[in-house]
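Novice: Under the numbering used here, the first residue of the sequence shown is numbered 9, with each subsequent residue one higher. Idealized CB from N, CA, C, for every residue including glycine.
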Amino acid sequence: MKLKKIALGAAALALIACGETQKPVTKVANITPNSTDDQKFAYMLGAQFGLQNFLNLPMRTGQGIDEDVVVQAFRDAIANINDSTAKLQIPQDSLGIINKRIQMTMQERYISTRPDTSVTKGMDEAQIRAYVDSLEKAQPVTAAPEVKYTDVKLPQDPSEQQKFSYVIGVQFGNQFYSIGRQFQTDFDPDYFVLGVRDAGKKVRDTTFTLTLSEDSLKAVGNRYTEKMKTIRDEMVKKQQAEEEKLKAEVASLRGDTLANGMPAKMNFKVKASGITVKAEDLTGFAGKPLLVFYFSATCGHCAHAAPQILEIAKEFAPKGLTTVSVASGGNNKSGIRRFIDDAKFDENINVVWDESRQFGELYSDGYVPKVYLVNPDGTYKQYAAFEKEKEDLKKEIAELLNGKNVEWKIEVKQAADSAKAPEAKVEAKPAKAKAKK
């Protein structure tokens, strides 16, 4: 059975489960004639994710999926998203390592099924496809365990199959939450689980019929595709209005500008919501040598740079450097706190949130991470390529702490004249590797 795909992003990983003895299931959720569209849609997502992954991943990874672990991981992920004190049974950094190992296995298995041209010489396309299919099916796959429909407490040293299945479930949870945010709706995770469970049954027994028929699933998918178009149109209008409002707000904060249009000084009246410190703006950081790290909690490059920023902050804090990390406006508090925890930020780094987006509007081109070294008088230098400029930054921090102001050699224009002056590009267009905030 083929389900219509909605372009919301499906899971990257999942199974072939071996036959199981059917057991009665105690369902928290159930699809009835009175079920809402939101409930049907959550069910559809679970069935779609389950079928896509349960059918494809075992052959690609060599691991049958433990459905109970997947469901447990999904619930753990949702709980963690809603409450950062609810911990995953496998830490995020370990999940990343497991995921990389899975990707390597998938690549190795893929390469092993690519036929040598000497073997396929004279074969037509259909024959080559059939030959490749036979190679893929000949690869070993660890059988999935019997489905017990119970909660799962992972052992201290989980098996590779359990780790693999847990990664899939966490991905399901993150994607389910993300889709809900796109639709501005808190979809019921129990209905998603119902869809996943039914997908598992469908894979194990092709005669099993999903609770919602293919036509019903297609109709639900079409309604939500149209709903998403409406939401996106409304969001574009709202965003345009907010951008105009933001431009008006920061106009009085900009002051004199550089040739590239950026403010010549760091304005500490810019709004900032405190995360690890009490703050409504940046005034608490004025008048001192300051290192600013502008980041997004969802940016991989920011996560890579964060420990290095912490290292620099620790090195120079005793000598008089203050460090503040500014989370971009597109983040939320729970995401920022997870980023802080993962980066192991300590008292050497103050963290605030650009909730108003004023900092980003004034000092960023929309790309992260960015690093700024600020003189006591507010003038500053931006380091758009932190990885390459790290040693220069450390050298200039040392000089700043010894009384020599850092210089960003860009001509300063008076505010009245800046609008007339052509904007000069002072840094290369950000490479594709950089993450959009």
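Below 8 Å, can you find three or more Cβ-Cβ pairs linking the stretch 349-366 to the stretch 384-394?
Specialist: Cβ pair count under 8 Å is below three, so no.
Novice: Classify ASN339: buried if its beta carbon has 16 or more other beta carbons within 10 angstroms, exposed otherwise.
Specialist: Classification for ASN339: buried.
Novice: Taking 6 Å as the limit between beta carbons, can you name the residues of its chain near THR29, skipping five residues before and five after?
Specialist: Model confidence at THR29 stands at a pLDDT of 40, short of 50, so the residue's coordinates are unreliable and nothing is read from them.
Novice: Taking the beta strand (DSSP E) that PHE301 falls in, what are its first and last residues?
Specialist: That run of the beta strand (DSSP E) goes 298-303.
Novice: In whole angstroms, what is the alpha-carbon distance linking LYS378 and ASP400?
Specialist: Straight-line Cα distance between these residues: approximately 15 Å.
Novice: Contact between the stretch 200-215 and the stretch 70-86: three or more CB pairs below 8 Å?
Specialist: Cβ pair count under 8 Å is three or more, so yes.
Novice: Taking buried to mean at least 16 other C-beta atoms within 10 Å of its own C-beta, is PRO41 buried or exposed?
Specialist: PRO41 is exposed by the Cβ-count criterion.
Novice: Can you tell me where the beta strand (DSSP E) holding ALA335 begins and where it ends?
Specialist: Segment 330-335, the beta strand (DSSP E) holding ALA335.
Novice: Would you check if the distance between the CB atom of LYS360 and the CB atom of ALA294 is smaller than 7 Å?
Specialist: As written in the sequence, residue 360 is Val, which differs from the Lys given in the question. Against a cut-off of 7 Å, the Cβ pair of ALA294 and VAL360 comes out as no contact.
Novice: By Cβ distance below 8 Å, which residues in the same chain neighbour LEU318 in space, the five residues on each side in sequence not counted?
Specialist: Excluding sequence neighbours, LEU318 sits near ALA351, LYS352, PHE353, ASP354, ASN356, ILE357.
Novice: Is LYS421 helix, strand or coil when you go by DSSP?
Specialist: With a pLDDT of only 48 at LYS421, under the threshold of 50, the placement of this residue in the model should not be trusted; the figure read from the coordinates follows. It is a strand residue.
Novice: So, for ASP196: in the same chain, excluding its five sequence neighbours on each side, which residues have a beta-carbon less than 8 Å away from its beta-carbon?
Specialist: Closer than 8 Å at the Cβ level, and outside the excluded window around ASP196, lie ALA37, ASP46, GLN47, ALA50.
Novice: May I have the straight-line CA-CA distance separating ALA305 from LYS341, to the nearest angstrom?
Specialist: Near 10 Å, if we compare the C-alpha coordinates of LYS341 and ALA305.
Novice: Using 8 Å for Cβ pairs, my map puts LEU4 next to GLN366. What's the rounded Cβ distance?
Specialist: Since the first residue shown for the chain is 9 and the last is 445, residue 4 is missing from the structure and cannot be characterised.
Novice: Classify GLN390 as helix, strand or coil using the three-state DSSP reduction.
Specialist: GLN390: strand per DSSP, three-state reduction.
Novice: Fully enclosed by the stretch 88-144, which alpha helix (DSSP H) runs are 4 residues long or longer?
Specialist: Runs of the alpha helix (DSSP H) inside the stretch 88-144: 100-120, 125-128.
Novice: What is the DSSP secondary structure of MET52, counted as helix, strand or coil?
Specialist: Looking at MET52 - three-state DSSP - the assignment turns out to be helix.
Novice: Using the Cα positions of ARG122 and LYS145, report the straight-line distance between them to the nearest angstrom.
Specialist: Rounded to the nearest angstrom, the two C-alpha atoms are 13 Å apart.
Novice: Grab the span of the alpha helix (DSSP H) containing LYS237 for me, first residue to last.
Specialist: Run containing LYS237: 222-262, per the alpha helix (DSSP H) assignment.
Novice: I want to know whether the stretch 81-95 touches the stretch 229-240 - three or more CB-CB distances under 8 Å.
Specialist: Contact between the stretch 81-95 and the stretch 229-240 is absent, because fewer than three Cβ pairs lie under 8 Å.
Novice: Please classify TYR118: is it buried, with 16 or more other beta-carbons within 10 angstroms of its beta-carbon, or exposed?
Specialist: Its Cβ having fewer than 16 others within 10 Å, TYR118 is exposed.
Novice: Assuming TYR380 is part of the alpha helix (DSSP H), what are its boundary residues?
Specialist: Unbroken run through TYR380 is the beta strand (DSSP E), 378-382; no alpha helix (DSSP H).
Novice: In the DSSP assignment, find the alpha helix (DSSP H) that holds ASN268 and state where it starts and stops.
Specialist: First-last for ASN268: undefined, no H or E at that position.
Novice: Give the single residue among ASN90, ALA406, ARG212 whose Cα lies nearest to the Cα of VAL155.
Specialist: Closest by alpha carbon: ARG212.
Novice: Give a yes or no on whether the minimum CB-CB distance between GLU395 and chain C is below 7 Å.
Specialist: Checking the listed chains, one finds no chain C in this structure; it contains a single protein chain.
Novice: Consult DSSP for VAL211 and reduce its assignment to one of helix, strand or coil.
Specialist: Helix at VAL211.
Novice: Please determine, among ALA311, GLY292, PRO326, the residue with the shortest C-alpha to C-alpha distance to VAL332.
Specialist: That would be GLY292, whose Cα lies nearest to the Cα of VAL332.
Novice: Using alpha carbons as the reference points, say which of GLY343, GLU415, ILE106 lies closest to SER92.
Specialist: Checked all of GLY343, GLU415, ILE106; the closest Cα to SER92 is GLY343.
Novice: Would you mind working out which of SER336, ASP362, GLU397 sits nearest TYR375, comparing C-alpha positions?
Specialist: For the residues SER336, ASP362, GLU397, the minimum Cα distance to TYR375 belongs to SER336.
Novice: In whole angstroms, what is the alpha-carbon distance linking LEU65 and ILE73?
Specialist: Taking the straight line from one Cα to the other gives about 8 Å.
Novice: Could you say which of GLU252, GLU323, GLN183, TYR391 lies nearest to PHE303 if we only look at CA atoms?
Specialist: PHE303 has its Cα closest to that of TYR391, out of GLU252, GLU323, GLN183, TYR391.
Novice: DSSP has GLY451 in a bridge; who is on the other side?
Specialist: Absent from the structure is residue 451, since the part of the chain shown begins at 9 and ends at 445.
Novice: Taking the alpha carbon of ARG189 as the point to measure from, which residue in GLY263, VAL382, ILE239 has its own alpha carbon closest?
Specialist: Taking only the C-alpha atoms, the option nearest ARG189 is ILE239.
Novice: In this structure, what does DSSP give as the bridge partners for ASP289?
Specialist: According to DSSP, which records beta bridges pairwise, ASP289 is partnered with LYS279.
Novice: Using the Cβ count rule (16 or more neighbours within 10 Å means buried), how would you classify LEU220?
Specialist: Buried, because 16 or more other Cβ atoms sit within 10 Å of the Cβ of LEU220.
Novice: Return the residue from the list ASP223, GLU242, GLU323, PRO99 that minimises the CA-CA distance to LYS171.
Specialist: Measuring from the Cα of LYS171, the nearest candidate turns out to be PRO99.
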